[in-house]
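Enquirer: Take this structure, written in structure tokens, and hold onto it; I'll ask about it next.
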Amino acid sequence: MRKMKKSLTILTAVFALCMAFALTVKVDAAVAEVMDVPTSNFKVSYMTPDKTYVGIQVVYNGDWTQVGLFDVYGNLVASDVCASYATFNGLSRNKIYYYRARTVAYNYQTGTYDATSGWSGAKAFSTINYSLKAVKGKKAFTVKAPKVKGVKNYKVYMSKKRDTGFKKAKTIKAGKKIKITKYNKKAFKFYQYYYVKVVPQLSSGVKCTDFTLGRFYVNKIYR
């Protein structure tokens, strides 16, 4: 009988998107007391796999809400007025977008929406592309994150579950590549999926949402 040789094949899925659906005007004295929209009242709930379209869910409170997208310099680049769901198309890849919300009222005389509160605090999301690659013949993989304006570094999180249990594994400097060989200080196991998240850490200190999810798998093949 011919003797079988054991070799390793590393299988890994590319990073893919994984998430659940979800005018500057003067304010007169009569509406100046309206409270600003709390950041807990709005969040990104959907992004297309190509990261060019995003949907932002807003808690409906009987008023119209204007959601604004801002670049890392604080410039307003797009806005949408909605009751409960704002949408933005044509987003650029490898960018950090900040978003804020404020209440507005329709002005029938001018045909515009006038602000009735100030802009809320900022939240952020990313359209960054990452590279996840297996190390040939090894129980290891590499992660590379690009240099992006406004990003200080990246934190890599891993879990054996798709949706929960993520723990910090490494920190990547912007524009650098790292190799990961262990999970929780132990070598990767055969026939076990490991899920990978990379989260940008912003220079502004604002927490950034990133929906990208990678997957790593080690398989044995006998020849």
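By the numbering used here, the letter at position 13 of the sequence shown is numbered 260, and the numbering carries on one by one without gaps. Even for Gly, the Cβ is constructed at its ideal location relative to N, Cα and C. As the structure is a computational prediction, the values presented were derived from the model and not from experiment.
1. Between the alpha carbons of K386 and V314, how many angstroms are there, rounded?
2. In chain order, which continuous runs of the beta strand (DSSP E) of length 3 or greater are located wholly inside the region 302-375?
3. With which residues is K436 paired in a DSSP beta bridge?
4. Looking only at its own chain, which residues have a Cβ that is under 7 Å from the Cβ of C455, when we skip the five neighbours before and after it?
5. Is the beta carbon of V284 sitting closer than 9 Å to the one on S378?
6. Identify which residue in A416, K444, Q439, Y441 has its Cα closest to the Cα of K432.
7. What residues are listed by DSSP as bridge partners for V445?
8. Determine which residues share a DSSP beta bridge with N431 and list them.
9. Going by Cα to Cα distance, which pick from S287, V305, T428, I419 is closest to K383?
10. Would you call the region 349-356 in contact with the region 393-401, where contact means no fewer than 3 C-beta pairs closer than 8 Å?
11. Hey, Y293 and F335 are a contact pair by Cβ (cut 8 Å); roughly how many whole angstroms apart?
12. Nearest to D410 by alpha carbon, out of Y442, A362, K391, A381?
13. Could you tell me which of V403, K298, T418 sits nearest to K461, measuring between CA atoms?
14. In or out: K436 buried (at least 16 other Cβ within 10 Å) or exposed?
15. When you compare only the Cα positions, how much space is there between Y438 and N400?
16. Of all the options Y346, N376, Q356, which has the alpha carbon lying nearest to the alpha carbon of F289?
17. So, at 6 Å on beta carbons, what are the nonlocal neighbours of S451 in its own chain, with the 5 sequence-adjacent residues on each side left out?
18. Mind reading off the beta-carbon distance from A330 to W311? Whole number of angstroms is fine, and I expect it under 8 Å.
19. Quick check: what's the CA-CA separation for T389 versus K423?
20. Could you name the residues that DSSP lists as bridge partners for K391?
21. Which residues mark the beginning and the end of the beta strand (DSSP E) in which M294 is found?
22. Residues in the same chain with beta-carbon distance under 7 Å from C265, minus the five sequence neighbours each way, listed in chain order, please.
23. Is it buried or exposed, Y360, if we count other Cβ atoms within 10 angstroms and call 16 or more buried?
24. Compare the beta carbon distance of Y464 and Y440 with 9 Å and say whether it is the shorter of the two.
Expert: Quick answer:
1. Here residue 386 refers to the residue found at position 139 when the sequence shown is read from its first residue. Here residue 314 refers to the residue found at position 67 when the sequence shown is read from its first residue. Computed Cα separation, rounded: 45 Å.
2. Secondary structure remark: continuous beta strand (DSSP E) runs of at least 3 residues inside the region 302-375, in chain order: 311-317, 323-329, 332-335, 343-354, 359-362, 370-373.
3. Here residue 436 refers to the residue found at position 189 of the sequence shown. Residue pairing by DSSP leaves K436 without any beta bridge partner.
4. On the sequence shown, position 208 is the one that residue 455 refers to. So the qualifying residues of the chain are I343, A371, F372, S373, V446, P447, L449.
5. Position 37 of the sequence shown, counted from the first residue, corresponds to residue 284. Position 131 of the sequence shown, counted from the first residue, corresponds to residue 378. At least 9 Å separates the beta-carbon of V284 from that of S378.
6. Here residue 432 refers to the residue found at position 185 when the sequence shown is read from its first residue. Closest in alpha carbon position to K432, among A416, K444, Q439, Y441, is A416.
7. Here residue 445 refers to the residue found at position 198 when the sequence shown is read from its first residue. Answer is V403.
8. Taking the sequence shown and counting its residues from 1, one reaches residue 431 at position 184. Its beta-bridge partners do not exist; DSSP assigns none.
9. The count along the sequence shown starts at 1 and reaches residue 383 at position 136. Of S287, V305, T428, I419, the residue nearest in Cα terms is T428.
10. As far as the Cβ criterion goes, the region 349-356 does not touch the region 393-401, which means the pair count is below three.
11. Here residue 293 is taken as the residue at index 46 of the sequence shown, counted from 1. Here residue 335 is taken as the residue at index 88 of the sequence shown, counted from 1. Actually they do not touch by this definition, with Cβ atoms about 11 Å apart.
12. Counting from one through the sequence shown, the residue named residue 410 turns up at place 163. When only C-alpha atoms are compared, the closest one is Y442.
13. Along the sequence shown, read from residue 1 onward, the residue named residue 461 stands at position 214. Note that residue 461 is Gly in the sequence shown here, rather than Lys. Of V403, K298, T418, the residue nearest in Cα terms is V403.
14. Taking the first residue of the sequence shown as 1, we reach residue 436 at position 189. Burial call: exposed.
15. What you label residue 438 is simply residue 191 of the sequence shown in a count that begins at 1. What you label residue 400 is simply residue 153 of the sequence shown in a count that begins at 1. Y438 and N400: Cα-Cα distance of roughly 31 Å.
16. Along the sequence shown, one-based indexing puts residue 289 at 42. When C-alpha distances from F289 are compared across Y346, N376, Q356, the shortest belongs to Y346.
17. Position 204 of the sequence shown, counting from 1, holds the residue named residue 451. Correct list: empty, nothing qualifies.
18. Residue 330 sits at position 83 when you count from the first residue of the sequence shown. Residue 311 sits at position 64 when you count from the first residue of the sequence shown. So it is a contact: roughly 7 Å between Cβ atoms.
19. On the sequence shown, residue 389 is found 142 positions in, with the first residue counted as 1. On the sequence shown, residue 423 is found 176 positions in, with the first residue counted as 1. In a straight line, the C-alpha of T389 is about 10 Å away from that of K423.
20. As a working mapping, residue 391 is identified with position 144 in the sequence shown. Answer by DSSP bridge pairing, in chain order: S378, K424.
21. For this step, residue 294 is matched to residue 47 along the sequence shown. Residue range 289-294 is occupied by the beta strand (DSSP E) that includes M294.
22. Translated into the one-based positions of the sequence shown, residue 265 becomes position 18. Confidence at C265 is low in this model, with a pLDDT of 49, below 50, so its placement is unreliable and no value can be given for it.
23. Taking the sequence shown and counting its residues from 1, the one referred to as residue 360 is at position 113. Within a 10 Å sphere around the beta-carbon of Y360 sit 16 or more other beta-carbons, which makes this residue buried.
24. As a position in the sequence shown, residue 464 is number 217, starting the count at 1. As a position in the sequence shown, residue 440 is number 193, starting the count at 1. Y464 places its beta carbon less than 9 Å from that of Y440.
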